[in-house]
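Residue numbers (the numbering used here): 818 to 981.
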């Protein structure tokens, strides 16, 4: 019995470089990007930058990030906003993430930042005729647990999709 050498999958950077010469899509940001080495400390994809009024959305089928709409009110994104690769939430989207950046990087948020975030999410959904109640902010350990749960949901989703 002759064994065939296993072909290794090209590393992401190699795939990106080779796809540039073929002018094809390099990688799907939801499925192909790694979540990070120290999971659930994470790597994220920022779709919308801090201060922006332009709402972008990941097209899950193509992997392209497209303009969804422009926020025409006084609402703007208070922080970088995006998603965590290889996660899945109950709404069938990757887990959302706010990337809070300021100098210096702080281990905890100042109370005025929490107020700013609460105000943004309550006002942001009003433009879609949806009401959002922002309850208490939970500790960072709860976020780590939610990310792990979302990673597990994504793994189940991929296994289920591959079995079709």
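Just so it is clear, CB atoms sit at the ideal spot from N, CA and C, and this is done for glycine as well.
- State the start and end residues of the unbroken beta strand (DSSP E) segment that holds residue 875. That run of the beta strand (DSSP E) goes 871-875.
- Just how far apart, CA to CA, sit residue 918 and residue 867? Distance between residue 918 and residue 867, taken at the CA atoms: about 9 Å.
- Message: Whether or not the stretch 897-913 and the stretch 952-966 are in contact is what I'm after, with contact meaning three or more pairs of Cβ atoms, one per stretch, closer than 8 Å; do they touch?
- Response: The stretch 952-966 vs the stretch 897-913: in contact.
- Taking the alpha-carbon positions, what's the residue 953 to residue 929 distance? So the two alpha carbons sit approximately 14 Å from each other.
- Task: Indicate the three-state DSSP secondary structure (helix, strand or coil) for residue 883 in the structure shown.
- Result: DSSP places residue 883 within a strand segment (E or B) once states are collapsed to three.
- Item | Identity of the residues DSSP links to residue 900 by a beta bridge | For residue 900, DSSP records a beta bridge to 862, 913.
- Task: Might you give, ordered along the chain, the residues of its own chain that have their beta carbon closer than 7 Å to the beta carbon of residue 869, omitting 5 neighbours on each side?
- Result: Within the same chain, Cβ atoms closer than 7 Å to the Cβ of residue 869 are found at 893, 894, the five residues on either side in sequence being excluded.
- Message: Buried or exposed for residue 921, going by 16 or more other Cβ atoms inside 10 Å?
- Response: Note that residue 921 scores a pLDDT of 37, beneath 50, so its modelled location is shaky; the value from the coordinates is reported in the next line. Residue 921 is exposed by the Cβ-count criterion.
- So, are the CB atoms of residue 949 and residue 937 less than 8 Å apart? No.
- Item | Distance CB(residue 944)-CB(residue 890) smaller than 8 Å | With contacts defined by Cβ atoms closer than 8 Å, residue 944 and residue 890 form a contacting pair.
- Message: Tell me the rounded alpha-carbon separation between residue 955 and residue 916.
- Response: If I take the Cα positions, the gap works out to 16 Å.
- Query: Is it buried or exposed for residue 875, if we count other Cβ within 10 angstroms and need 16 for buried?
  - Reply: The residue in question, residue 875, is buried, as its Cβ has 16 or more Cβ neighbours within 10 Å.
- Message: My output table needs one value for residue 944: the three-state DSSP class, helix, strand or coil.
- Response: DSSP places residue 944 in helix when its eight states are reduced to three.
- Message: Does residue 972 pass the burial test, meaning 16 or more other C-beta atoms within 10 Å, or should it be called exposed?
- Response: Residue 972 comes out exposed.
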